[in-house]
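Note that this note's numbering has the sequence shown beginning at -2, numbered continuously upward.
Presented below is the structure to which this report refers.
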Amino acid sequence: MMQSSNRAETVKELIKSAEEKDEGRFLKTLNAASQEVIDSFVTHRWNVSSRNNQWNGLTHTARYQTGNVWRQLWEKASPSARENALQQNLGIADVIRTGGDQARYGLAIIFYFQPAQSILKIINTTHPIVLCNKCGLDLSIYYCLENNKNLDAAQKKTTRINVYPT
């Protein structure tokens, strides 16, 4: 029971420090966490109170932390936890306004918030079948990529070519 309590406390600390954009505290907590705790955080889902927003640790960190911090989390998470988080269908209508469907898969959410280096990290380290078949609709991913404010026109073109090769 004590181990479960510690895991829950660490996950809460990662959520809070990510949201507060406290990079140092987030990385200190992340570096002290066990593999089990990191994977639990990455795949843990929660609702943001009074809104129709749902996050997991990977998408939450993508929204609130820099690309460098997010990529450190990505590297520390196990491949199975990363794939699980990318495939989760999360309600996020209040954050990514699209009109129509209110859900986005983890992959699309990360494509919306993270810089090119993070997007390319996902592409280069994730099994292609997971990316192509299990992470949402092409239009959803394309919308999030096109509306990413962290990418300039050249980066959008480069990532578009990597995501949608012709």
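Just so you know, even glycine gets a beta-carbon here, dropped at the ideal spot from N, CA and C.
None of these values were measured; they are calculated from a predicted model.
Buried or exposed: which applies to T122, given that a residue is buried once 16 or more other Cβ atoms fall within 10 Å of its Cβ? Residue environment analysis places T122 among the exposed positions, since fewer than 16 neighbouring C-beta atoms fall within 10 angstroms of its C-beta.
Please state the DSSP three-state secondary structure of Q51. strand
Measuring only the C-alpha atoms, how far is M(-1) from L11? Residue confidence is low: M(-1) scores 44 on pLDDT, short of 50, so the model does not pin down where it sits. Its coordinate-derived value is still stated next. Straight-line Cα distance between these residues: approximately 18 Å.
Nearest CA to the CA of V8: which residue from F38, S14, E33 and K25? When only C-alpha atoms are compared, the closest one is F38.
Taking just the CA atoms, how far does N50 sit from C4? The question names Cys, but residue 4 in the sequence shown is Arg. Going from the Cα of R4 to the Cα of N50 covers about 23 Å.
Closest residue to R139 among K118, I106, G54 and H124 (Cα-Cα distance): Position check: residue 139 holds Tyr in this sequence, whereas Arg was assumed. That would be I106, whose Cα lies nearest to the Cα of Y139.
By the 10 Å Cβ neighbour count, where 16 or more other Cβ atoms means buried, how is N44 classified, buried or exposed? exposed
CA nearest to the CA of A59, picked from A150, F23 and S75: Residue nearest to A59 within the set A150, F23 and S75 is F23 (criterion: CA-CA distance).
For E20 versus V66, is the C-beta spacing smaller than 9 Å? yes
Is the beta carbon of L55 sitting closer than 9 Å to the one on G103? yes
For the segment 35 to 86, which segments carrying the alpha helix (DSSP H) assignment without a break, of at least 4 residues, lie completely within its bounds, in sequence order? DSSP runs (the alpha helix (DSSP H)) wholly in the segment 35 to 86: 54 to 61, 64 to 73 and 76 to 84.
Grab the span of the alpha helix (DSSP H) containing K25 for me, first residue to last. E20 to A29
Which residues DSSP lists as bridging R101, in chain order: L87
Under DSSP, the alpha helix (DSSP H) around L148 begins and ends at which residues? Where L148 is concerned, there is no enclosing alpha helix (DSSP H), given that its DSSP letter is neither H nor E.
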